[in-house]
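Inspection log for the structure reproduced underneath, given as structure tokens.
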Amino acid sequence: MNDIKFIIMNPSGSNAWFVNHLLHNRPVPAHTIDHHLKTLGYDSTVIEYFTYWDKEQLVNHVLKGAQGKKLVLMFSFTLFNKANNKHDAANFVNTIKDNHPDVRVIGGGIKDYEADVYASYKFLDLIYCGRSINKFKEHAESGELFDLIDQLNKPCIVNIDTTDIDPPITHYFYPDGHWDQRDVAVFEISMGCKFDCTFCSYDLRGIKNPTHQQVDALVNYFNAAKEAGVTHFFAGDDTINEEDSKMEVLRTAVKELDFTPHIAGFARVDMLHNKQYRIETLSESGVHSLFFGIESMNYNANRYIRKGASAQKIVQTLQQIKEVNPNIYTFGGFIVGLEGDSEQVIRQNNELALQNLDSLYYNPLYIQRYRPEWDWMSHIDKDPQKYGYTTTEVMPDNDNLVGWYNSWTDHEKAGRLAVTLNEENERKYGISKTVSNWFYTCARACGVTQSPLDWTRSCTSKYGFTLNHLHRRNTPNRMVIDTYIKNKLGE
Ligand code: SF4
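Residue numbers (the numbering used here): 1241 to 1731.
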């Protein structure tokens, strides 16, 4: 075992200059896999922020760690599957291969239909499709992993032969993670979402009775995190407040701690309307940073996507949240172009949203090219006509997407309106009003702000007023990333 080195590249630290901006959270699957490998006695480590490393430095660091050993490099493509990401990973692997005699490469989180068709994954020796941490663990335990990795037909593809979803995961905080108080860790209470919105193409939707995390596991996780200095978290759940039982698990765990973690999560606003006890549960559990996928405050449009909330209901709920706890940060994600909406109503509702949300962002509606091999395409992708959309040509810059028009707009106009609204809001209020709650939580971990009450002032003074200011090398988030890289290099 000591003659093999596993290095798991975590593509954390979003390089995308849109709603997520500059995040420095550290995704959980890589750390869970690292833990399984360490437990089995393997030499394993995670390297965070793959996109931010100077690649020459990273190559040298990896080669130094793998000296005299067989090297297994691992990448997760769940949130890292754009063409340029794969190109960067492949280039990096090729450089390592030029300099090391024995390298194998594993990719995880790839959709099963993509593994076969995309030549861009050909640099991998072994592919685990979907959510397959348990399968990987099984293969590592039995040793089958090494047979699969060395098969002649590359890449070897592992599909999960069951519809069971891996249970929710937490992780350990090993010293080679170089954690500190500015870090944001990620955990899960339960995976999947019980809803089925018509525009959503997420594969774990419509899940009934998901497995919840054990209270004890959460207590141990938070205590270990605090020992490592970490008190800020993202809940990886697709919806953190879909069920009372789920929120109870978190509240019970947090009650057993001697500190209240700060937690950011995706939430459904309709589940909180006139439900003070649910808002109190979130508040007591430390869930103080909420991403609401509101999509539209126009009831006509909202009901078409199966969310069914009116502007009045949404505003009431947002006010009820602030009445329970003004320290809860609220972000709204909106879609421009939904059937049943109109520019005039979107603009009116933008004013309401600005008054009642801490920040908000618009994206245009995207319709994906229909691919029968992917069962989980959204209802709109599968049958656009039924939902009021006529699709047109495949997009020249992205062959996964198609053009569309409906009764009031089309993909180009919707795209322009989304950009215009974001720019107008930024010009008037600055980026404090357009960045996501995930960014707020990262900023809070960096000590930039304490609560939404001081957010506008602190955001402006520590980051600046426009999106361009986030490109500076000395943002608090970027400094966390730089410190991590420096510590990792010093190992
Ligand atoms: S949009 Fe959100 S709430 Fe709706 S199905 Fe998808 S994950 Fe669930």
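C-beta: ideal position from N, C-alpha, C; glycine also.
Using 10 angstroms around the beta-carbon of residue i, count the other beta-carbons present and answer buried if the total reaches 16, otherwise exposed.
{"i": "Asp1390", "result": "exposed"}
{"i": "Val1259", "result": "Any reading at Val1259 must be qualified, since the residue scores a pLDDT of 44, below 50, and its modelled position is unreliable; the value itself is stated next. So Val1259 counts as buried."}
{"i": "Val1634", "result": "exposed"}
{"i": "Gly1417", "result": "buried"}
{"i": "Tyr1428", "result": "Note that residue 1428 is Glu in the sequence shown, not Tyr. Glu1428 comes out buried."}
{"i": "Tyr1368", "result": "buried"}
{"i": "Asn1262", "result": "According to the sequence displayed, residue 1262 carries Leu and not Asn. Label assigned to Leu1262: buried."}
{"i": "Gln1559", "result": "exposed"}
{"i": "Lys1304", "result": "exposed"}
{"i": "Glu1381", "result": "exposed"}
{"i": "Leu1313", "result": "buried"}
{"i": "Asp1243", "result": "exposed"}
{"i": "His1379", "result": "buried"}
{"i": "Ser1701", "result": "exposed"}
{"i": "Phe1473", "result": "buried"}
{"i": "Glu1288", "result": "buried"}
{"i": "Leu1761", "result": "No statement about residue 1761 is possible, as the shown extent of the chain runs from 1241 to 1731 and does not include it."}
{"i": "Thr1453", "result": "Rather than Thr, the amino acid found at residue 1453 in this sequence is Gln. It is buried - the Cβ of Gln1453 has at least 16 other Cβ atoms within 10 Å."}
{"i": "Ala1256", "result": "For Ala1256, the pLDDT reaches just 47, beneath the cut-off of 50, and the residue's location in the model is therefore unreliable, leaving the point undetermined."}
{"i": "Lys1673", "result": "buried"}
{"i": "Lys1326", "result": "buried"}
{"i": "Gly1670", "result": "buried"}
{"i": "Gly1392", "result": "Looking at the sequence shown, residue 1392 is not Gly but Leu. Its Cβ having fewer than 16 others within 10 Å, Leu1392 is exposed."}
{"i": "Lys1728", "result": "buried"}
{"i": "Ala1323", "result": "exposed"}
{"i": "Ser1647", "result": "exposed"}
{"i": "Asn1542", "result": "buried"}
{"i": "Tyr1703", "result": "buried"}
Between which two residues does the alpha helix (DSSP H) harbouring residue i extend?
{"i": "Tyr1368", "result": "Not the alpha helix (DSSP H): Tyr1368 falls in the beta strand (DSSP E), residues Leu1366 to Cys1369."}
{"i": "Ser1193", "result": "Nothing can be reported for residue 1193: it is not among the residues displayed for the chain, which extend from 1241 to 1731."}
{"i": "Gly1551", "result": "A small fix is needed here, since residue 1551 is Ala in this sequence, not Gly. Counting along the chain, the alpha helix (DSSP H) containing Ala1551 begins and ends at Ala1551 to Val1564."}
{"i": "Val1773", "result": "The structure shown has nothing for residue 1773, since the chain only spans 1241 to 1731."}
{"i": "Cys1699", "result": "Trp1695 to Lys1702"}
{"i": "Val1459", "result": "Val1455 to Glu1467"}
{"i": "Ile1620", "result": "His1619 to Lys1622"}
{"i": "Val1268", "result": "Val1268 to Thr1279"}
{"i": "Leu1299", "result": "Position check: residue 1299 holds Val in this sequence, whereas Leu was assumed. Start and end: Lys1295 to Gly1305."}
{"i": "Ile1725", "result": "Pro1716 to Leu1729"}
{"i": "Phe1386", "result": "Glu1384 to Ile1389"}
{"i": "Leu1490", "result": "Asp1484 to Lys1495"}
{"i": "Arg1543", "result": "Tyr1539 to Tyr1544"}
Determine which residues share a DSSP beta bridge with residue i and list them.
{"i": "Trp1644", "result": "Thr1631"}
{"i": "Phe1571", "result": "Phe1531 and Ser1599"}
{"i": "Met1249", "result": "Ile1287 and Phe1315"}
{"i": "Asn1638", "result": "Met1635"}
{"i": "Pro1604", "result": "Val1576"}
{"i": "Val1398", "result": "Tyr1368"}
{"i": "Arg1445", "result": "Cys1433"}
{"i": "Asp1650", "result": "Tyr1645"}
{"i": "Ile1244", "result": "Lys1310"}
Starting from residue i, trace the beta strand (DSSP E) both ways and give me its first and last residue.
{"i": "Ser1316", "result": "Lys1310 to Ser1316"}
{"i": "Ser1523", "result": "Looking at the DSSP string, Ser1523 is not in any beta strand (DSSP E); the run it does join, the alpha helix (DSSP H), is Gln1516 to Glu1524."}
{"i": "Lys1474", "result": "First, the residue type needs correcting, since residue 1474 is Phe and not Lys in the sequence shown. His1472 to Ala1475 is the span of the beta strand (DSSP E), which, as asked, contains Phe1474."}
{"i": "Phe1506", "result": "His1502 to Ala1507"}
{"i": "Arg1344", "result": "Val1343 to Ile1350"}
{"i": "Val1675", "result": "Per DSSP, Val1675 belongs to no beta strand (DSSP E) and is neither H nor E."}
{"i": "Val1424", "result": "Val1424 to Phe1427"}
Answer with yes or no whether the minimum CB distance from residue i to chain C is below 8 Å.
{"i": "Val1268", "result": "Reference to chain C is not applicable here, since this structure consists of a single protein chain."}
**Request:** Quick one: residues with CB closer than 6 Å to any heavy atom of the ligand SF4, in chain order, please.
**Result:** Cys1433, Phe1435, Asp1436, Cys1437, Cys1440, Tyr1442, Arg1445, Asp1478, Thr1479, Arg1508 and Gly1533
**Request:** Say whether the stretch 1501-1511 touches the stretch 1673-1684, bearing in mind that this needs 3 or more beta-carbon pairs closer than 8 Å, one atom from each stretch.
**Result:** yes
**Message:** With three or more beta-carbon pairs closer than 8 Å as the criterion, would you say the stretch 1510-1523 touches the stretch 1475-1492?
**Reply:** yes
**Message:** For the stretch 1467-1474 against the stretch 1436-1455, do three or more pairs of beta-carbon atoms, one drawn from each stretch, fall closer than 8 Å, so that the two count as touching?
**Reply:** no
**Asked** Are at least three pairs of beta-carbons, each pair with one atom in the stretch 1613-1623 and one in the stretch 1525-1538, less than 8 Å apart?
**Response** no
**Item:** Given 8 Å, three or more beta-carbon pairs between the stretch 1567-1584 and the stretch 1597-1615
**Value:** Yes, the stretch 1567-1584 is in contact with the stretch 1597-1615.
**Contact the stretch 1329-1341 vs the stretch 1268-1277: 3+ CB pairs below 8 Å** = no
**Asked** Are the stretch 1687-1695 and the stretch 1576-1586 touching by the rule of at least three beta carbon pairs closer than 8 Å?
**Response** Cβ pair count under 8 Å is below three, so no.
**Prompt:** Is there contact here, the stretch 1560-1568 with the stretch 1515-1522, by at least three beta-carbon pairs under 8 Å?
**Reply:** A contact exists between the stretch 1560-1568 and the stretch 1515-1522.
**Message:** Does the structure place the stretch 1665-1673 close enough to the stretch 1584-1597 that three or more beta carbon pairs sit under 8 Å?
**Reply:** yes
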